Amino acid sequence: MPDASLRPLPRSLDPLEDESLHGYLLRLAHRLGTSPAEIAARTGLVPATVDRGTRRIPMGLLRNLDDQRLGVLARTTNLTPEEVRRLLTAPLGSRYGPLNSSLLAKTRTLAGMLHNNSWILTRATRYCPTCLAGNGSEVEERHGGAWRRSWRLPPVFACLRHERLLLNGCPHCGQDVNTTRTGGLIARGHEAGLHPARCRATAPGTRTVCGARLAGAGVDRAPQSPATVAALLRLQYHFDNLLAPDGPTWAGSFGWRIPAAQYFIDLRALSGLIFMTWPQARDLTETTALAALVDREAARRHVAFAKSRAPIGKQRRASHHFSDPSADPVVAGAVFGIAARLLSAPDETAGHEAMAPIIARTRGVENVVGYQLRALNGLSRSASVVLLAVRQDKGAFARMGQRIQAQGLSRVDTA
Ligand SMILES: [Zn+2]
Ligand SMILES: [Zn+2]
């Protein structure tokens, strides 16, 4: 039942084109001098009857709102339903395969897409300190710039507005800037007065908030070289173009045109294979600094995988040690750069040539986990054929192109 007592708040904040619900609540609460949890209650996102101290804003609201909540939030904030929808991550699925229920078929429930989907950053968010510093307007001077919705997508590792790399984690305490023990959407959601562009994690060994500044200059700890930044910005242009609502309808995958959203599922499979078989694809890294960063992360992942056991009732160990995207924007960008380069092969034969040594090396780690990545749910038809082809089967190998074409795809170079 809609709560009739929910009265509209003053329309005091216009959401930006790319702002997340989490950031909107932070900024609105700061503007109105109250806590995000109070705003969530006054806008119908959480029941107003729940005790103030324990009120937790569910993480699931980041993704989508049911019609009733959407309606009440729109009414109480004076936003249009369309403006509210733009604060949520679900609509990004039309351009981003890992959130696209029709590409992921029936094996993934909506709840699974949120809770077991590491390809949307829910607990952690990346950020651009320059965006958070605001655009100079009075509102942003006081309450900071928008927390962008796109920072929740692993393939977004740089800010093209400011031509710089995103950051993850707090420059002071090193934790995720929105670490919540309870798994809610906003850490310390019941506290009022905390500036939206400050770390909300609990300082280690204390009960108090870290509160370090995340905006402006001086937040960077280890700046990358100009060559590394340039390489990653080029890749981000490519990805942002594909993610844009009015972006191209197709992208290239081993020489074939696939739906732009699906490109990110192919990217997911390849980046898992790259981590799994590292340093096999190391030569394809754009700069030596990037290769060294991936070295460190791949080593950690291999140790974690080696220590892991197959879950009860399963024959194989979990593939997520390799398929989870890196939380670190720079490492993520480095691995996606290699994956994008492999996907840009001019045709399926060249693609298979490039992938064959990587696929061969999965057998030395754990064949069945490698197979799982090569048969990833939602993979494009061209990537499926290329990743599952066996060279020894000469006939099938020669017919890769026919098989892809038979499934309705056309070549990238068709006029
Ligand atoms: Zn920025
Ligand atoms: Zn901190």
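Per this note's numbering, the sequence shown runs over residues 21 to 435.
Even for Gly, the Cβ is constructed at its ideal location relative to N, Cα and C.
All figures in this text were calculated on a predicted structure; none of them were measured in a lab.
With the rule of 3 Cβ pairs closer than 8 Å, the stretch 307 to 318 counts as touching the stretch 353 to 360. Looking only at 335, 233, 104, 99, the smallest Cα-Cα distance to residue 187 is reached by 233.
The residues 286, 363, 400, 402, 403, in chain order, have a CB closer than 6 Å to that of residue 273 in the same chain once the five nearest residues on each side in sequence are set aside. Of all alpha-carbon atoms in 384, 82, 262, 200, the one lying nearest the alpha-carbon of residue 117 is that of 262.
When beta bridges are read from the DSSP output, residue 185 appears opposite 178.
For residue 37, the closest of 99, 235, 427, 89 by C-alpha to C-alpha distance is 99. In the three-state reduction of the DSSP assignment, residue 47 falls in the helix class, which pools H, G and I.
Placement of the Cβ of residue 192 at a distance of less than 7 Å from at least one heavy atom of ligand 2 is found.
For residue 145, the distance from the CB to the nearest heavy atom of ligand 1 is not below 7 Å. The C-beta distance from residue 382 to residue 390 rounds to 3 Å, short enough to meet the 8 Å contact threshold.
With respect to the 8 Å criterion, residue 210 and residue 57 are classified as neighbours on the basis of their beta carbons. In the structure shown, residue 224 falls within a coil segment according to DSSP collapsed to helix, strand and coil.
Around the Cβ of residue 424, a 10 Å sphere holds 16 or more other Cβ atoms; the residue is buried.
In the DSSP secondary-structure assignment, residue 273 is bridged to 276. Following the DSSP letters along the chain, one finds residue 192 in no alpha helix (DSSP H), marked with neither H nor E.
Judged by DSSP secondary structure, residue 162 falls within the alpha helix (DSSP H) whose first and last residues are 158 to 163. With a minimum length of 4 residues, the unbroken runs of alpha helix (DSSP H) contained wholly in the stretch 81 to 128 fall at 87 to 97, 101 to 105. Secondary structure note for residue 422: its alpha helix (DSSP H) is the uninterrupted segment 420 to 426. Note that the C-beta distance between residue 337 and residue 330 is below 8 Å. In the structure shown, residue 388 falls within a helical segment according to DSSP collapsed to helix, strand and coil.
Beta-bridge annotation (DSSP): residue 229 is paired with 222. Residue 282 holds the alpha-carbon nearest to the alpha-carbon of residue 124 among 408, 321, 155, 282. A contact between stretches requires three or more CB pairs, one per stretch, nearer than 8 Å, and the stretch 101 to 118 fails this requirement with the stretch 216 to 233. Secondary structure at residue 172: helix, using DSSP grouped into helix, strand and coil.
Near ligand 1, meaning a beta-carbon closer than 5 Å to one of its heavy atoms, we find 148, 150, 151, 179, 181, 182. At a cut-off of 7 Å, the beta-carbon of residue 239 does not count as near ligand 2: no heavy atom of the ligand is closer than that. The C-alpha of residue 292 is placed about 28 Å away from the C-alpha of residue 204. Going by beta carbons, residue 29 and residue 65 fall outside the 8 Å limit.
Inter-residue distance for residue 76 and residue 202 is about 8 Å (C-alpha atoms, whole angstroms). Distances between the C-beta of residue 232 and the heavy atoms of ligand 2 include at least one below 7 Å. If you draw a straight line from the Cα of residue 309 to the Cα of residue 27, it is about 54 Å long.
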